[in-house]
Amino acid sequence: MINKSLISINDYTKEEYLEILRVAAEFEKKPIQNIFEGRVVATLFFEPSTRTRLSFESAVNRLGGRIIGFTDASSSSVKKGESLKDTILTVSNYSDLIVMRHPLEGSARYASEVATVPIINAGDGANQHPTQCLLDLFSIQKTQGTLENLKISMVGDLKYGRTVHSLIMAMSHFNPTFNFISPDELKMPDEYKMFLDKKGIKYKEYSDLAGNIKDSDILYMTRVQGERFADPLDYEKVKNVYILKNRMLEKTKDNLKVLHPLPRVNEINTDVDDNHKAYYFPQALNGVYTRQAIMAKILGLK
Ligand code: CP
0 MINKSLISIN DYTKEEYLEI LRVAAEFEKK PIQNIFEGRV VATLFFEPST
50 RTRLSFESAV NRLGGRIIGF TDASSSSVKK GESLKDTILT VSNYSDLIVM
100 RHPLEGSARY ASEVATVPII NAGDGANQHP TQCLLDLFSI QKTQGTLENL
150 KISMVGDLKY GRTVHSLIMA MSHFNPTFNF ISPDELKMPD EYKMFLDKKG
200 IKYKEYSDLA GNIKDSDILY MTRVQGERFA DPLDYEKVKN VYILKNRMLE
250 KTKDNLKVLH PLPRVNEINT DVDDNHKAYY FPQALNGVYT RQAIMAKILG
300 LK
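Following this line, the structure appears as structure tokens:
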């Protein structure tokens, strides 16, 4: 993993996922250390973010490193017409590692091909969000005690949701069964279903939420991604299609945990927040430990 960019969850093997989770558990026990002293991490966010950017920055700060970067491309020379290549080559001179979020699918891979330091993809369009995926794996392993043989229901925007795309690929190593619950307009793309077919992994597709989560171990809710719709009227039709309410969890399994990469809009009612099955805020905290582990491995510090 040393000096290797992380662009897609498929860039790592199953053994490497498990090694990241092992190191993340170490950081959970001891999140404040000085092992990043003298290291500079650049965070280049061409798209909005709260959790990903701030958990990366918190992770670096707690390990004694320094952060540079921008949270809005309009405050950088991109505004003057600078290309992504020139931006990445320049920031490579100033940092040991670049964390980048960009709206264009494939932009992170391109950046990794021109950069002289490793790139971590913090989300590229509807494509991949591998660090979210690793923190999801950490959260699943921590709450279920295993990653093997779990039933995972994914709900909402399965078309544009990059977190679910990364997660089905990673979980495919652990013999899962999936329920895909979405409106017709937002179904899991064929390429991911073909991937599962090839691996012999079972999945079913549904449009009803309440009736199809009773035997799940993980309920992975997602936001309908308004920013990816070409026509705002299409977004209006589906934006509130699923709203998880506390009473819908009554007959679900005791070990069920509700995950959500956040931000949520309306898809989880706030009456779920105090249910012991709600895990989305601890999940966001796990992002700090998991990102500490990913960066420490890439920088060769663990
Ligand atoms: N989960 C996630 O990517 O959240 P942000 O968009 O706030 O970074």
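Residue numbers for the sequence shown follow numbering that gives the first Met the number 0, beginning at 0 and rising by one.
Glycine included, each C-beta is placed from N, C-alpha and C at the ideal position.
Pairing ARG108 with PHE45 gives a Cβ-Cβ distance that is not under 9 Å.
In summary, ASP253 is exposed, with fewer than 16 beta-carbon neighbours lying within 10 Å of its beta-carbon over all protein chains present. When secondary structure is reduced to three states using DSSP, LEU218 falls in the strand class.
What you get when you keep residues with a C-beta closer than 7 Å to any heavy atom of the ligand CP is PRO47, SER48, THR49, ARG50, THR51, ARG52, GLY122, HIS128, GLN131, THR162, PRO260, LEU261, PRO262. For ASP207, the secondary structure class from DSSP, reduced to helix, strand or coil, is coil.
Pairing GLY37 with GLY68 gives a Cβ-Cβ distance that is not under 9 Å. Proximity to ASN239 across ILE97, ILE66, VAL154 peaks at VAL154, based on C-alpha coordinates. In the three-state DSSP reduction, PHE177 falls in the strand class (E or B). The alpha carbon of THR86 has as its nearest neighbour, out of SER75, ASP95, ASP216, the alpha carbon of SER75.
When rounded, the separation of the alpha-carbon atoms in VAL257 and ASN211 is 14 Å.
Taking each of ASP189, ASN245, THR49 in turn and checking the Cα distance to LEU208, the smallest one comes out for ASN245. One thing to note: GLN131 has its Cβ within 9 Å of the Cβ of PRO260. Secondary structure note for ALA23: its alpha helix (DSSP H) is the uninterrupted segment 13-28. Between ASN178 and SER152 the beta-carbon gap is near 4 Å, inside 8 Å, which marks them as a contact.
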